[in-house]
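The structure appears below as structure tokens.
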Amino acid sequence: MQDIAEQLQAWHASGRSFAVATVVGVSGSAPRDPGAALAVDAAGEAIGSVSGGCVEGAVYELCQAAIESGEPVLERFGYSDEDAFAVGLTCGGILDVFVQPVVPGADAGLDAGIAYIASGTPVALARVIAGPGGLVGATVAVTADTHHGALSPAPSTVGALERAIVAEARAMLDAGRTGRVVLGLDGRPCDEHEQGTVTCFVESYVPAPRMIVFGAIDFAAAVVRIGKFLGYHVTVCDARPVFATARRFPDADDVVVDWPHRYLDSQLDRIDGRTVLCVLTHDAKFDIPLLERALRLPVGYVGAMGSRRTHRDRNARLREVGLTDAEIARLRSPIGLDLGSRTPEETAVSVAAEIIAHRRGGSCLPLSAGDGPIHHDVARAEDAAVQDGDTPRPHAA
Numbered sequence: 415m416q417d418i419a420e421q422l423q424a425w426h427a428s429g430r431s432f433a434v435a436t437v438v439g440v441s442g443s444a445p446r447d448p449g450a451a452l453a454v455d456a457a458g459e460a461i462g463s464v465s466g467g468c469v470e471g472a473v474y475e476l477c478q479a480a481i482e483s484g485e486p487v488l489e490r491f492g493y494s495d496e497d498a499f500a501v502g503l504t505c506g507g508i509l510d511v512f513v514q515p516v517v518p519g520a521d522a523g524l525d526a527g528i529a530y531i532a533s534g535t536p537v538a539l540a541r542v543i544a545g546p547g548g549l550v551g552a553t554v555a556v557t558a559d560t561h562h563g564a565l566s567p568a569p570s571t572v573g574a575l576e577r578a579i580v581a582e583a584r585a586m587l588d589a590g591r592t593g594r595v596v597l598g599l600d601g602r603p604c605d606e607h608e609q610g611t612v613t614c615f616v617e618s619y620v621p622a623p624r625m626i627v628f629g630a631i632d633f634a635a636a637v638v639r640i641g642k643f644l645g646y647h648v649t650v651c652d653a654r655p656v657f658a659t660a661r662r663f664p665d666a667d668d669v670v671v672d673w674p675h676r677y678l679d680s681q682l683d684r685i686d687g688r689t690v691l692c693v694l695t696h697d698a699k700f701d702i703p704l705l706e707r708a709l710r711l712p713v714g715y716v717g718a719m720g721s722r723r724t725h726r727d728r729n730a731r732l733r734e735v736g737l738t739d740a741e742i743a744r745l746r747s748p749i750g751l752d753l754g755s756r757t758p759e760e761t762a763v764s765v766a767a768e769i770i771a772h773r774r775g776g777s778c779l780p781l782s783a784g785d786g787p788i789h790h791d792v793a794r795a796e797d798a799a800v801q802d803g804d805t806p807r808p809h810a811a
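Each step along the sequence shown adds one to the number in our numbering, with nothing skipped, and position 116 is 530.
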């Protein structure tokens with residue numbers, strides 16, 4: 415619900431009751447990922463989306479019913495072969511949607527969670543979506559060093575369960591992960607098909623992933639714009655103050671005048687596996703010291719602009735400074751997919767496409783050229799589950 419947090423905070427601050435419907439489970443070719451949310455207030459205003467349109471109307475009605483009853487509900491939506499006009503997902507996927515009524519001041523976990531999300535403070539929101547009736551809807555907001563909310567009313571073992579939920583949520587927050595956690599009432603990890611278990615949906619809200627664009631050239635402005643569109647916190651860095659200006663890059667979150675490798679060294683505590691580095695300078699005096707460091711860091715993507723000849727020369731120089739073939743193989747160069755791009759905007763699209771494909775495991779082929787799964791990251795997760803001996807099954811509602 416991070417994308418609608420500002421409006422939720424406004425409703426919450428005004429004392430307005432509302433309901434939040436959150437995607438808590440996905441199977442097959444579903445249109446939205448877990449964590450996608452739609453909210454409806456007591457006056458009927460709706461914000462957000464859970465399906466891109468497929469089941470929005472039905473979820474809207476569930477939200478209105480939850481506001482009236484004060485009771486949370488877990489609902490499953492899937493494709494109906496019998497009635498093409500029935501409520502369902504025509505793409506063939508399955509969505510599990512948890513609808514939770516929110517009354518400001520009534521739930522310390524939700525109150526704290528909404529405030530943290532709106533302020534940008536990293537927090538994991540753990541909500542019980544299935545289990546004993548008295549626990550469903552209970553929410554705990556977990557930060558790096560504290561938590562808010564409690565699982566009450568609850569069984570006598572709630573202390574162990576709550577401690578386990580907090581520990582699991584904190585670990586997921588540290589990794590920036592969102593997903594389900596299934597525990598026994600005593601707090602032990604369980605399979606979700608076991609009897610007498612509690613299922614929590616944990617949403618991790620962490621700062622936006624970073625994109626650092628090195629080289630304040632004309633192509634960089636277009637890459638910055640598309641990086642912002644994709645949800646990155648975008649920084650432009652160049653050692654030349656005449657080019658690295660906020661006026662030339664109004665869409666960037668930060669514009670830094672510094673040598674690229676020196677700036678990267680100063681950011682080691684702010685980069686992670688989601689970080690994207692786009693090296694657009696194609697100038698050896700900037701590129702080599704920067705890439706020598708970047709290709710040894712646990713970042714998600716490193717791409718560098720340049721011709722085929724520049725790429726070969728760059729690789730030779732990187733070997734000279736001690737990088738291994740495995741480290742050099744991490745470099746995406748020339749940067750971007752082969753789309754026939756000419757303009758800065760077209761080049762930015764090719765760079766963005768490669769970043770998405772690298773992150774999600776896409777083949778980079780036209781979708782019309784195959785008949786396999788559209789969402790490659792889901793397919794890879796299911797394949798891994800099968801290889802581990804855990805055949806994936808639809809989540810129980």
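By construction, the Cβ of each residue, glycine as well, lies at the ideal position given by its N, Cα and C atoms.
Use the C-beta contact count for residue i: other C-beta atoms within 10 angstroms, 16 or more gives buried, fewer gives exposed.
i      : result
Ser721 : exposed
Thr757 : exposed
Glu734 : exposed
Gln514 : buried
Ser463 : buried
Glu420 : exposed
Phe643 : exposed
Glu459 : exposed
Phe499 : Because the pLDDT of Phe499 is 38, which lies under 50, any placement of that residue in the model is unreliable, and the number read from its coordinates should be weighed accordingly. With fewer than 16 other Cβ atoms within 10 Å, it is exposed.
Gly629 : buried
Phe432 : buried
Ser618 : buried
Pro623 : buried
Ile418 : buried
Cys477 : buried
Gly641 : buried
Gly786 : exposed
Asp525 : buried
Glu496 : For Glu496, the predicted structure reports a pLDDT of 42, less than 50, and the residue's modelled location is therefore unreliable. A value from the coordinates is still provided. With fewer than 16 Cβ atoms within 10 Å of its Cβ, Glu496 is classed as exposed.
Arg684 : exposed
Ala568 : Annotation note: pLDDT 46 at Ala568 (below 50); position unreliable, no value reported.
Asp455 : buried
Asp521 : buried
Arg661 : exposed
Gly750 : buried
Gly645 : exposed
Gly545 : buried
Does the Cβ-Cβ distance between residue i and residue j come in under 8 Å?
i      : j      : result
Gly484 : Gly523 : no
Gly492 : Ile481 : no
Ala698 : Asp672 : no
Pro518 : Gly429 : yes
Glu489 : Val516 : no
Val650 : Val627 : yes
Leu682 : Leu705 : no
Glu741 : Leu709 : yes
Gly527 : Thr553 : yes
Ile631 : Leu694 : yes
Arg746 : Glu768 : yes
Ala762 : Ala666 : no
Val616 : Glu576 : no
Asp701 : Arg723 : no
Pro703 : His675 : yes
Gly598 : Thr611 : yes
Arg446 : Val437 : yes
Arg594 : Gly439 : yes
Compute the beta-carbon to beta-carbon distance between residue i and residue j, rounded to the nearest angstrom, for a pair I have assumed lies under 8 Å.
i      : j      : result
Val765 : Gly717 : 7 Å
Gln423 : Ala558 : With a Cβ gap of about 21 Å, Gln423 and Ala558 do not count as contacting.
Val669 : Thr659 : 6 Å
Leu549 : Leu539 : Not quite, the Cβ-Cβ distance comes to about 16 Å (not below 8 Å), so this is no contact.
Asp584 : Val542 : It should be noted that the sequence gives Arg, not Asp, for residue 584. Actually they do not touch by this definition, with Cβ atoms about 17 Å apart.
Ile461 : Ala453 : 5 Å
Thr592 : Pro448 : 6 Å
Ala574 : Gly601 : 4 Å
Asp605 : Val596 : 7 Å
Gly714 : Arg773 : 6 Å
Report the partner residues of residue i according to the DSSP bridge assignment.
i      : result
Ile418 : Answer is none; Ile418 lacks a bridge partner.
Gly717 : Cys692 and Arg746
Glu734 : Paired residue(s): none; Glu734 is not in a bridge.
Gly439 : Asp510
Val454 : Ala433 and Ala460
Leu488 : Phe512
For residue i, decide whether its Cβ has a neighbour in chain B, counting only Cβ atoms nearer than 8 Å.
i      : result
Leu599 : Absent from the structure: chain B. Only one protein chain is present.
Does at least one heavy atom of the ligand MG sit under 7 Å from the Cβ of residue i?
i      : result
Ala666 : In the structure on display, the ligand MG does not appear, and there are no ligands present to speak of.
* For the stretch 510 to 571, which segments carrying the alpha helix (DSSP H) assignment without a break, of at least 4 residues, lie completely within its bounds, in sequence order? -> 522 to 533
* Could you give the uninterrupted runs of the alpha helix (DSSP H) lying entirely in the stretch 637 to 711, keeping only those of 4 residues or more? -> 674 to 680 and 698 to 708
* To do: Go through the stretch 579 to 637 residue by residue and report every complete run of the beta strand (DSSP E) that reaches 3 residues or more, in order.
  => 593 to 598, 611 to 619 and 624 to 628
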